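Novice: Residue 10 is where the sequence shown starts when you use the working numbering, and the numbers rise one by one after that.
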Amino acid sequence: MRKDNCKMALQRNVIINDTYQVRQVLASSELAIVYAGRDRNTGAKVAIKEFYPQRMAERQADKRGVFCSSRGYGGQYQELLAAFLLEGELLSKLDHPHIVSYLDHFEANGTGYLVMEYCTGITLTEYLNEHNHALDAAFITETLLPLVDTLDYIHKQGILHRDVKPSNIMVMEDGTPKLLDFGSATRWPMQSGEKQVIFTSAGYSPLEFYSEKSSQGPMSDIYSLAALLHYWTCGQPPMDVKQRLFQDELPSVRSHNEYVNPWLARVIHWGLTVRSEKRCASLAWVRSSLRVQAWVWKVRKPGTVEWSLAENEHTQVYEVESKKQHETA
10 MRKDNCKMAL QRNVIINDTY QVRQVLASSE LAIVYAGRDR NTGAKVAIKE FYPQRMAERQ
70 ADKRGVFCSS RGYGGQYQEL LAAFLLEGEL LSKLDHPHIV SYLDHFEANG TGYLVMEYCT
130 GITLTEYLNE HNHALDAAFI TETLLPLVDT LDYIHKQGIL HRDVKPSNIM VMEDGTPKLL
190 DFGSATRWPM QSGEKQVIFT SAGYSPLEFY SEKSSQGPMS DIYSLAALLH YWTCGQPPMD
250 VKQRLFQDEL PSVRSHNEYV NPWLARVIHW GLTVRSEKRC ASLAWVRSSL RVQAWVWKVR
310 KPGTVEWSLA ENEHTQVYEV ESKKQHETA
(Lines of atoms letter the chains of each structure in order from A; the text may use other names.)
(Lines give C-alpha, C1' and ligand atoms only; values in the text may rest on other atoms or scores of the structure.)
Protein backbone atom coordinates (compact mmCIF):
# COMPACT_ATOMS: atom_id res chain seq x y z
CA MET A 10 0.00 0.00 0.00
CA ARG A 11 1.16 3.53 -0.80
CA LYS A 12 0.67 6.32 1.69
CA ASP A 13 -0.58 8.94 -0.72
CA ASN A 14 -3.66 10.77 -1.93
CA CYS A 15 -5.70 8.81 -4.47
CA LYS A 16 -7.53 10.98 -7.02
CA MET A 17 -10.36 8.47 -7.34
CA ALA A 18 -10.94 8.12 -3.60
CA LEU A 19 -14.31 8.74 -2.01
CA GLN A 20 -14.84 12.26 -0.75
CA ARG A 21 -14.67 13.12 2.92
CA ASN A 22 -17.87 12.47 4.94
CA VAL A 23 -19.40 10.11 2.36
CA ILE A 24 -21.62 7.54 4.12
CA ILE A 25 -21.26 3.87 3.11
CA ASN A 26 -23.98 1.30 3.75
CA ASP A 27 -25.80 3.84 5.98
CA THR A 28 -23.25 3.09 8.69
CA TYR A 29 -19.67 4.12 7.94
CA GLN A 30 -18.48 7.68 7.41
CA VAL A 31 -15.33 8.22 5.35
CA ARG A 32 -12.86 10.62 6.96
CA GLN A 33 -9.60 10.48 5.00
CA VAL A 34 -7.44 8.32 2.72
CA LEU A 35 -4.82 6.27 4.55
CA ALA A 36 -3.25 4.37 1.66
CA SER A 37 -3.92 2.96 -1.80
CA SER A 38 -2.72 0.12 -4.01
CA GLU A 39 -3.44 -1.17 -7.50
CA LEU A 40 -6.54 -2.93 -6.21
CA ALA A 41 -7.86 -1.05 -3.20
CA ILE A 42 -8.14 2.22 -1.30
CA VAL A 43 -8.01 2.29 2.49
CA TYR A 44 -9.75 5.04 4.45
CA ALA A 45 -9.91 6.12 8.05
CA GLY A 46 -13.58 6.20 8.95
CA ARG A 47 -16.13 6.25 11.73
CA ASP A 48 -18.92 3.87 12.69
CA ARG A 49 -21.95 6.16 13.05
CA ASN A 50 -23.67 3.74 15.41
CA THR A 51 -20.85 3.40 17.93
CA GLY A 52 -18.65 6.40 17.16
CA ALA A 53 -15.64 4.08 16.91
CA LYS A 54 -12.81 4.87 14.53
CA VAL A 55 -12.44 2.18 11.85
CA ALA A 56 -10.38 1.34 8.77
CA ILE A 57 -12.41 0.92 5.56
CA LYS A 58 -10.91 -0.95 2.61
CA GLU A 59 -12.65 -0.35 -0.72
CA PHE A 60 -12.16 -2.61 -3.74
CA TYR A 61 -11.00 -0.31 -6.54
CA PRO A 62 -8.79 -1.87 -9.27
CA GLN A 63 -7.38 1.31 -10.72
CA ARG A 64 -6.53 -0.09 -14.15
CA MET A 65 -10.07 -1.24 -14.90
CA ALA A 66 -12.39 0.82 -12.67
CA GLU A 67 -13.92 4.30 -12.69
CA ARG A 68 -16.33 6.25 -10.49
CA GLN A 69 -19.92 6.82 -11.46
CA ALA A 70 -21.13 10.39 -11.93
CA ASP A 71 -22.28 10.42 -8.30
CA LYS A 72 -18.60 9.95 -7.28
CA ARG A 73 -19.57 6.94 -5.15
CA GLY A 74 -20.44 4.06 -7.43
CA VAL A 75 -17.75 2.01 -9.15
CA PHE A 76 -17.92 0.27 -12.54
CA CYS A 77 -15.56 -1.68 -14.78
CA SER A 78 -14.52 0.75 -17.51
CA SER A 79 -12.25 -1.61 -19.48
CA ARG A 80 -13.88 -3.54 -22.30
CA GLY A 81 -13.41 -7.27 -22.07
CA TYR A 82 -12.37 -7.16 -18.41
CA GLY A 83 -15.77 -7.54 -16.80
CA GLY A 84 -15.11 -11.17 -15.96
CA GLN A 85 -11.75 -10.42 -14.37
CA TYR A 86 -13.29 -7.55 -12.41
CA GLN A 87 -15.85 -9.93 -10.91
CA GLU A 88 -13.18 -12.53 -10.10
CA LEU A 89 -11.06 -9.94 -8.32
CA LEU A 90 -14.13 -8.66 -6.46
CA ALA A 91 -14.92 -12.22 -5.36
CA ALA A 92 -11.35 -12.58 -4.08
CA PHE A 93 -11.72 -9.29 -2.21
CA LEU A 94 -14.92 -10.46 -0.52
CA LEU A 95 -13.25 -13.76 0.36
CA GLU A 96 -10.72 -11.73 2.36
CA GLY A 97 -13.55 -10.52 4.57
CA GLU A 98 -15.00 -14.00 4.90
CA LEU A 99 -11.67 -15.51 5.97
CA LEU A 100 -10.78 -12.64 8.28
CA SER A 101 -14.14 -13.01 10.03
CA LYS A 102 -13.13 -16.53 11.09
CA LEU A 103 -9.94 -15.37 12.83
CA ASP A 104 -9.67 -14.04 16.36
CA HIS A 105 -6.10 -13.34 17.43
CA PRO A 106 -4.43 -10.38 19.18
CA HIS A 107 -1.81 -10.07 16.43
CA ILE A 108 -4.24 -10.08 13.50
CA VAL A 109 -6.16 -6.96 12.49
CA SER A 110 -9.71 -7.43 13.81
CA TYR A 111 -12.61 -7.95 11.42
CA LEU A 112 -15.71 -5.79 11.86
CA ASP A 113 -17.80 -6.04 8.68
CA HIS A 114 -17.74 -6.68 4.93
CA PHE A 115 -20.37 -6.13 2.25
CA GLU A 116 -21.10 -5.17 -1.35
CA ALA A 117 -22.32 -1.66 -2.16
CA ASN A 118 -21.93 0.96 -4.89
CA GLY A 119 -20.95 -1.74 -7.41
CA THR A 120 -17.90 -2.75 -5.39
CA GLY A 121 -16.87 -4.35 -2.10
CA TYR A 122 -15.91 -3.01 1.32
CA LEU A 123 -14.06 -4.51 4.27
CA VAL A 124 -14.25 -2.77 7.66
CA MET A 125 -11.55 -3.49 10.23
CA GLU A 126 -10.20 -2.14 13.48
CA TYR A 127 -8.19 1.06 13.16
CA CYS A 128 -4.58 0.32 14.15
CA THR A 129 -2.10 2.96 15.23
CA GLY A 130 1.43 1.90 14.44
CA ILE A 131 4.06 1.90 11.73
CA THR A 132 5.08 -0.63 9.09
CA LEU A 133 7.86 -3.06 9.83
CA THR A 134 10.14 -1.22 7.39
CA GLU A 135 9.59 2.09 9.16
CA TYR A 136 10.16 0.43 12.51
CA LEU A 137 13.47 -1.10 11.44
CA ASN A 138 14.70 2.22 10.11
CA GLU A 139 13.74 4.02 13.31
CA HIS A 140 15.32 1.39 15.58
CA ASN A 141 18.68 0.88 13.88
CA HIS A 142 17.45 -2.33 12.19
CA ALA A 143 16.31 -3.78 15.54
CA LEU A 144 19.10 -6.33 15.74
CA ASP A 145 18.37 -7.11 19.37
CA ALA A 146 16.74 -9.71 21.58
CA ALA A 147 13.74 -7.50 22.43
CA PHE A 148 12.65 -7.26 18.79
CA ILE A 149 12.76 -11.03 18.49
CA THR A 150 10.72 -11.68 21.63
CA GLU A 151 8.24 -8.80 21.22
CA THR A 152 7.73 -8.81 17.45
CA LEU A 153 9.13 -11.78 15.53
CA LEU A 154 8.17 -14.66 17.82
CA PRO A 155 4.56 -13.40 18.13
CA LEU A 156 4.49 -13.15 14.32
CA VAL A 157 5.59 -16.79 14.02
CA ASP A 158 2.89 -17.81 16.52
CA THR A 159 0.32 -15.83 14.51
CA LEU A 160 1.15 -17.68 11.30
CA ASP A 161 0.98 -20.96 13.19
CA TYR A 162 -2.51 -20.02 14.42
CA ILE A 163 -3.65 -19.12 10.88
CA HIS A 164 -2.43 -22.42 9.48
CA LYS A 165 -4.22 -24.37 12.21
CA GLN A 166 -7.44 -22.60 11.14
CA GLY A 167 -6.96 -23.98 7.61
CA ILE A 168 -5.89 -20.65 6.09
CA LEU A 169 -2.78 -19.52 4.21
CA HIS A 170 -1.89 -15.82 4.27
CA ARG A 171 0.22 -15.89 1.06
CA ASP A 172 1.45 -12.30 1.29
CA VAL A 173 3.75 -12.04 4.30
CA LYS A 174 6.05 -9.05 3.77
CA PRO A 175 7.20 -5.96 5.72
CA SER A 176 4.48 -3.65 4.42
CA ASN A 177 1.79 -6.08 5.60
CA ILE A 178 3.04 -6.06 9.18
CA MET A 179 2.33 -3.16 11.49
CA VAL A 180 4.36 -2.72 14.66
CA MET A 181 2.33 -1.27 17.51
CA GLU A 182 3.57 1.15 20.16
CA ASP A 183 4.40 -1.72 22.53
CA GLY A 184 6.45 -3.49 19.84
CA THR A 185 3.90 -6.22 19.15
CA PRO A 186 2.96 -7.02 15.54
CA LYS A 187 -0.33 -6.84 13.68
CA LEU A 188 -0.61 -8.95 10.54
CA LEU A 189 -2.57 -7.07 7.86
CA ASP A 190 -3.94 -7.58 4.35
CA PHE A 191 -5.53 -10.98 3.85
CA GLY A 192 -6.26 -10.13 0.21
CA SER A 193 -4.21 -13.10 -1.00
CA ALA A 194 -5.38 -15.48 1.73
CA THR A 195 -7.06 -18.75 0.85
CA ARG A 196 -8.47 -21.84 2.48
CA TRP A 197 -6.08 -24.73 2.84
CA PRO A 198 -5.94 -27.39 1.62
CA MET A 199 -7.36 -26.02 -1.62
CA GLN A 200 -9.93 -28.02 -3.55
CA SER A 201 -8.80 -29.59 -6.82
CA GLY A 202 -9.79 -27.37 -9.75
CA GLU A 203 -10.52 -24.38 -7.53
CA LYS A 204 -9.52 -21.13 -9.26
CA GLN A 205 -7.53 -18.69 -7.17
CA VAL A 206 -6.27 -15.16 -7.70
CA ILE A 207 -2.72 -14.83 -6.38
CA PHE A 208 -0.94 -11.56 -5.66
CA THR A 209 2.83 -11.99 -5.86
CA SER A 210 5.57 -9.75 -4.47
CA ALA A 211 9.08 -9.88 -5.91
CA GLY A 212 11.50 -11.39 -3.41
CA TYR A 213 8.79 -12.60 -1.03
CA SER A 214 6.69 -15.02 -3.10
CA PRO A 215 7.69 -18.70 -3.48
CA LEU A 216 7.84 -20.50 -6.80
CA GLU A 217 4.52 -22.29 -6.29
CA PHE A 218 2.69 -18.96 -6.53
CA TYR A 219 3.71 -18.71 -10.19
CA SER A 220 2.77 -22.22 -11.32
CA GLU A 221 -0.53 -23.97 -12.00
CA LYS A 222 1.02 -27.38 -11.29
CA SER A 223 2.30 -26.72 -7.79
CA SER A 224 0.79 -27.35 -4.40
CA GLN A 225 0.64 -24.69 -1.71
CA GLY A 226 0.72 -25.07 2.03
CA PRO A 227 2.32 -23.73 5.22
CA MET A 228 5.72 -24.04 3.52
CA SER A 229 4.58 -21.27 1.16
CA ASP A 230 4.10 -18.82 4.03
CA ILE A 231 7.37 -20.05 5.56
CA TYR A 232 9.16 -18.99 2.37
CA SER A 233 7.74 -15.48 2.70
CA LEU A 234 8.60 -15.39 6.41
CA ALA A 235 12.18 -16.46 5.64
CA ALA A 236 12.36 -13.68 3.03
CA LEU A 237 11.21 -11.23 5.70
CA LEU A 238 13.94 -12.47 8.07
CA HIS A 239 16.44 -12.07 5.23
CA TYR A 240 15.24 -8.49 4.83
CA TRP A 241 15.63 -7.89 8.56
CA THR A 242 19.14 -9.33 8.83
CA CYS A 243 20.53 -8.16 5.47
CA GLY A 244 18.69 -4.94 4.68
CA GLN A 245 17.20 -6.34 1.48
CA PRO A 246 14.91 -9.17 0.37
CA PRO A 247 16.51 -12.25 -1.20
CA MET A 248 16.99 -12.63 -4.93
CA ASP A 249 13.61 -13.31 -6.49
CA VAL A 250 12.78 -16.99 -6.81
CA LYS A 251 12.33 -16.79 -10.60
CA GLN A 252 15.99 -15.80 -10.91
CA ARG A 253 17.05 -18.93 -9.00
CA LEU A 254 15.22 -21.57 -11.00
CA PHE A 255 18.28 -23.18 -12.56
CA GLN A 256 20.89 -22.39 -9.95
CA ASP A 257 19.59 -22.11 -6.41
CA GLU A 258 22.72 -20.64 -4.85
CA LEU A 259 21.61 -17.99 -2.40
CA PRO A 260 24.41 -16.58 -0.21
CA SER A 261 24.05 -17.05 3.53
CA VAL A 262 22.76 -14.04 5.44
CA ARG A 263 26.00 -14.24 7.42
CA SER A 264 27.83 -12.95 4.34
CA HIS A 265 25.90 -9.69 4.88
CA ASN A 266 25.63 -9.73 8.66
CA GLU A 267 28.21 -11.55 10.77
CA TYR A 268 26.12 -11.14 13.93
CA VAL A 269 23.49 -13.64 12.80
CA ASN A 270 23.76 -16.99 14.57
CA PRO A 271 24.68 -19.88 12.20
CA TRP A 272 21.53 -21.80 13.17
CA LEU A 273 19.20 -18.91 12.29
CA ALA A 274 21.16 -18.31 9.08
CA ARG A 275 20.70 -21.97 8.13
CA VAL A 276 16.96 -21.92 8.85
CA ILE A 277 16.51 -18.74 6.76
CA HIS A 278 18.40 -20.37 3.89
CA TRP A 279 16.33 -23.55 4.26
CA GLY A 280 13.12 -21.55 4.28
CA LEU A 281 14.12 -19.89 1.00
CA THR A 282 14.67 -23.15 -0.88
CA VAL A 283 13.16 -22.88 -4.36
CA ARG A 284 11.57 -26.34 -4.49
CA SER A 285 8.78 -26.56 -1.94
CA GLU A 286 9.31 -30.27 -1.16
CA LYS A 287 12.87 -29.52 0.02
CA ARG A 288 11.95 -26.40 1.99
CA CYS A 289 11.52 -26.03 5.74
CA ALA A 290 7.93 -27.10 6.41
CA SER A 291 7.59 -26.39 10.13
CA LEU A 292 7.43 -23.08 11.95
CA ALA A 293 8.92 -24.87 14.96
CA TRP A 294 12.34 -24.64 13.32
CA VAL A 295 11.94 -20.90 12.77
CA ARG A 296 10.70 -20.38 16.32
CA SER A 297 13.57 -22.31 17.94
CA SER A 298 16.27 -20.62 15.84
CA LEU A 299 14.90 -17.18 16.74
CA ARG A 300 14.89 -18.09 20.42
CA VAL A 301 18.55 -19.11 20.20
CA GLN A 302 19.36 -15.84 18.42
CA ALA A 303 17.58 -13.85 21.15
CA TRP A 304 19.58 -15.68 23.84
CA VAL A 305 22.87 -15.00 22.02
CA TRP A 306 22.11 -11.29 21.68
CA LYS A 307 21.10 -11.04 25.33
CA VAL A 308 24.53 -12.35 26.28
CA ARG A 309 26.40 -10.35 23.67
CA LYS A 310 24.85 -7.42 21.84
CA PRO A 311 25.61 -7.23 18.10
CA GLY A 312 27.58 -4.40 16.56
CA THR A 313 26.24 -1.84 14.10
CA VAL A 314 25.42 -2.86 10.54
CA GLU A 315 25.22 -0.08 7.95
CA TRP A 316 22.38 -0.14 5.43
CA SER A 317 19.09 1.59 4.71
CA LEU A 318 15.83 -0.31 4.44
CA ALA A 319 13.35 0.82 1.81
CA GLU A 320 9.86 -0.15 0.68
CA ASN A 321 10.46 -1.56 -2.81
CA GLU A 322 7.84 -4.28 -3.01
CA HIS A 323 6.15 -4.72 -6.35
CA THR A 324 2.91 -6.65 -6.54
CA GLN A 325 1.61 -8.59 -9.53
CA VAL A 326 -1.65 -10.47 -9.99
CA TYR A 327 -1.78 -14.07 -11.17
CA GLU A 328 -4.77 -16.34 -11.66
CA VAL A 329 -3.96 -19.95 -10.87
CA GLU A 330 -6.11 -23.07 -10.92
CA SER A 331 -5.14 -25.25 -7.98
CA LYS A 332 -4.11 -28.85 -8.61
CA LYS A 333 -4.07 -31.88 -6.35
CA GLN A 334 -2.14 -31.34 -3.16
CA HIS A 335 0.44 -34.06 -3.88
CA GLU A 336 1.80 -32.19 -6.91
CA THR A 337 4.85 -30.00 -6.37
CA ALA A 338 6.53 -27.15 -8.17
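We put the beta carbon where it would ideally sit given N, CA and C, even for glycine. Predicted, not measured: the structure shown is a model, and the values here were computed from it.
1. Using a Cβ-Cβ cutoff of less than 7 Å, which residues in the same chain neighbour PRO155 once the five nearest sequence positions on both sides are dropped?
2. If we count the other Cβ atoms within 10 Å of its Cβ and call it buried at 16 or more, is LYS54 buried or exposed?
3. Does the contact criterion of 3 or more C-beta pairs under 8 Å hold for the stretch 73-80 versus the stretch 134-142?
4. Short of 7 Å in beta carbon distance, which residues of its chain neighbour LYS72, apart from the five on each side in sequence? Order them along the chain.
5. Excluding the 5 residues flanking THR28 on each side, which residues of the same chain have their C-beta closer than 7 Å to its C-beta?
6. The alpha helix (DSSP H) spanning GLU96 covers which residue range?
7. Check whether the Cβ of LYS310 sits closer than 7 Å to any heavy atom of the ligand NAD, and report yes or no.
8. Skipping 5 residues on each side, what residues in its chain have a beta carbon closer than 6 Å to that of TRP272?
9. Does the distance from the CB of LEU281 to the CB of PRO227 come in under 8 Å?
10. Between the Cα of ILE178 and the Cα atoms of ALA143, THR152, GLU98, which residue gives the shortest distance?
11. I believe SER110 touches GLU126 by the beta-carbon criterion, under 8 Å. Please report the beta-carbon distance rounded to the nearest angstrom.
12. Determine the direct distance from the alpha carbon of TYR122 to that of GLU116, and round the result to whole angstroms.
13. Specify the secondary structure class of CYS243 as computed by DSSP and reduced to three states.
14. Go ahead and label ALA70 buried or exposed: buried means 16 or more other beta carbons lie within 10 angstroms of its beta carbon, across all protein chains shown.
15. Less than 8 Å separating the beta-carbons of ILE231 and ARG288?
16. Of all Cβ atoms in chain C, is any one closer than 8 Å to the Cβ of SER79?
17. Return yes when the Cβ of LEU234 is within less than 8 Å of the Cβ of VAL305, no when it is not.
18. What's the C-alpha gap between SER261 and GLU267?
19. Sort ALA18, GLN87, TYR86, GLN85 by Cα distance to GLU59 and report the nearest one.
20. Taking the beta carbon of ASN141 as the centre, do at least 16 other beta carbons fall within 10 Å, making it buried, or is it exposed?
21. Check whether the Cβ atoms of VAL23 and VAL34 sit closer than 8 Å, and answer yes or no.
Specialist: This is what the structure holds:
1. HIS107, THR185, PRO186
2. exposed
3. no
4. GLN20
5. ASP48, ARG49, ASN50
6. 83-100
7. Ligands are entirely absent from the displayed structure, and the ligand NAD is therefore not among its contents.
8. SER298, VAL301
9. no
10. THR152
11. 4 Å
12. 6 Å
13. Judged by DSSP in its simplified three-state form, CYS243 adopts helix.
14. exposed
15. Yes.
16. Looking for chain C here will not work: only one protein chain is present.
17. no
18. 10 Å
19. The closest CA to that of GLU59, considering only ALA18, GLN87, TYR86, GLN85, is found on ALA18.
20. That one is exposed.
21. no
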